[in-house]
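Shown next, in structure tokens, is the structure this report addresses.
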Amino acid sequence: MIGTRRILVADGDSLWRARIAEGLASPAHEVIAVGEGMEALAFAKREPTDLLVTDLVLPDTTGLGLCRLLREDAALDHVGILMLATNASEIDRILAFECGVDDFLAKPFFARELLSRTLAILRRSAPGRETSGRIMSEYQPAVALHPNSGSVLVAGARLELTPREFQLLSALMREAGRVVSRLQLIHLVWGGDSQQAERVVDAHIKAIRRKLGSAGDCVETVRGVGYRYAELDEARRSLLARYAGNGGGAAGD
């Protein structure tokens, strides 16, 4: 079927495999479910794959190890990744984002939430994005964020961030040109009473940069302090516009 997206599920628990596959079943999806990480990797190398849904713990490896292998393979680094876990700790989530996952979902979950997060990743990683409507003027900001619609545009092309990533980018853009500390970002995004570790901010920023692709340099690290959103200069903005115009895509995933 033209337009069908292939989703690969890796989970060592047969009941969870069946539940996940059932939750993702759709005429628009081809779902393949396997029980081991290396089996999933072999399939992805053999057959075009759009999305991997993997558990954090697999019989033969870890979900983190599997994600690293995908992200380190130039032929597979475009594959979207949704990680699932039971009783995941904060460090598990941080390491997952550092390994390049697109989203993280705790078990048990609602079937609609699984499908919603899956569709968001698939939209972001969709090949052959439409180029109509892109604004290529060198005076257009490299990144445009629209709080009312919850959308982000890079060189006029739309991409999607997770809600937390969207909030972080929004907080930085509101303070464009000013340094925002990790602690301030935690207060702004997670709330003043949050006990989140500062590393969780770093993990989310890394994911934001990867999704922004060539515009990721807009989010600058200020060593020992935090982060700053700085608009690209004219020369780099022009390069970004040419990149988008040549069909390179905005997110670089």
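For the sequence shown, the working numbering assigns the number 8 to the initial residue and increments by one for each residue that follows. Beta carbons are placed, not taken as given, at the ideal position from N, Cα and C, and that holds for glycine.
Please state if the CB of residue j and the CB of residue i are separated by a distance shorter than 8 Å.
{"i": "LEU121", "j": "ILE27", "result": "yes"}
{"i": "ARG13", "j": "GLU37", "result": "yes"}
{"i": "ALA210", "j": "ILE101", "result": "yes"}
{"i": "LYS218", "j": "LEU160", "result": "no"}
{"i": "PHE111", "j": "MET90", "result": "yes"}
{"i": "LEU77", "j": "ALA103", "result": "no"}
{"i": "VAL150", "j": "ALA222", "result": "yes"}
{"i": "GLY87", "j": "LEU48", "result": "no"}
Short of 6 Å in beta carbon distance, which residues of its chain neighbour residue i, apart from the five on each side in sequence? Order them along the chain.
{"i": "ASP18", "result": "ARG24 and ASP62"}
{"i": "GLY70", "result": "THR61, ASP62, LEU63 and MET90"}
{"i": "GLN147", "result": "Reliability fails at GLN147, whose pLDDT of 42 lies under 50, so the model's placement of it is uncertain and no value is given."}
Taking 7 Å as the limit between beta carbons, can you name the residues of its chain near residue i, skipping five residues before and five after?
{"i": "ASP99", "result": "LEU63 and ALA92"}
{"i": "GLN203", "result": "ILE193 and TRP197"}
Please classify residue i as buried or exposed, where buried requires at least 16 neighbouring CB atoms within 10 angstroms.
{"i": "SER123", "result": "exposed"}
{"i": "LEU15", "result": "buried"}
{"i": "THR56", "result": "buried"}
{"i": "LEU190", "result": "exposed"}
{"i": "ALA81", "result": "exposed"}
{"i": "SER144", "result": "Because the pLDDT of SER144 is 30, which lies under 50, any placement of that residue in the model is unreliable, and the question is left without a value."}
Can you pull the DSSP bridge partners for residue i?
{"i": "ASP62", "result": "LEU91"}
{"i": "ARG165", "result": "LEU160"}
{"i": "ARG268", "result": "Outside the displayed range of the chain (8 to 260) lies residue 268, so it cannot be described from this structure."}
{"i": "SER96", "result": "None, per the DSSP bridge assignment."}
{"i": "ARG235", "result": "VAL186 and GLU227"}
{"i": "VAL41", "result": "ALA17"}
{"i": "THR69", "result": "VAL64"}
{"i": "ALA113", "result": "ALA92"}
Measure from the alpha carbon of residue i to the alpha carbon of each residue in the options, then state which is nearest.
{"i": "VAL186", "options": "LEU31, ALA118 and VAL229", "result": "VAL229"}
{"i": "PHE173", "options": "ALA35, GLY184 and ASP109", "result": "ASP109"}
{"i": "PRO115", "options": "ALA103, ALA95 and ALA214", "result": "ALA95"}
{"i": "LEU195", "options": "ARG171, ALA47, ARG206 and ARG119", "result": "ARG171"}
{"i": "GLY220", "options": "ILE88, ARG165 and ALA35", "result": "ARG165"}
{"i": "VAL207", "options": "ASP224, LEU129, GLU105 and ILE128", "result": "GLU105"}
{"i": "GLU205", "options": "ARG181, ASP224, VAL232 and ILE215", "result": "VAL232"}
{"i": "GLU54", "options": "ILE212, SER33, ASP224 and LEU83", "result": "LEU83"}
{"i": "ILE215", "options": "GLU46, CYS74 and GLY107", "result": "GLY107"}
Please return the same chain residues whose Cβ sits closer than 8 Å to the Cβ of residue i, not counting the five positions on each side in sequence.
{"i": "GLU43", "result": "ALA17, GLY19, LEU65, PRO66, ASP67 and THR68"}
{"i": "LEU179", "result": "VAL187, LEU192, VAL226, TYR234, ARG235 and TYR236"}
{"i": "GLY72", "result": "GLY44"}
{"i": "THR125", "result": "ILE14, LEU31, LEU58, VAL60 and LEU89"}
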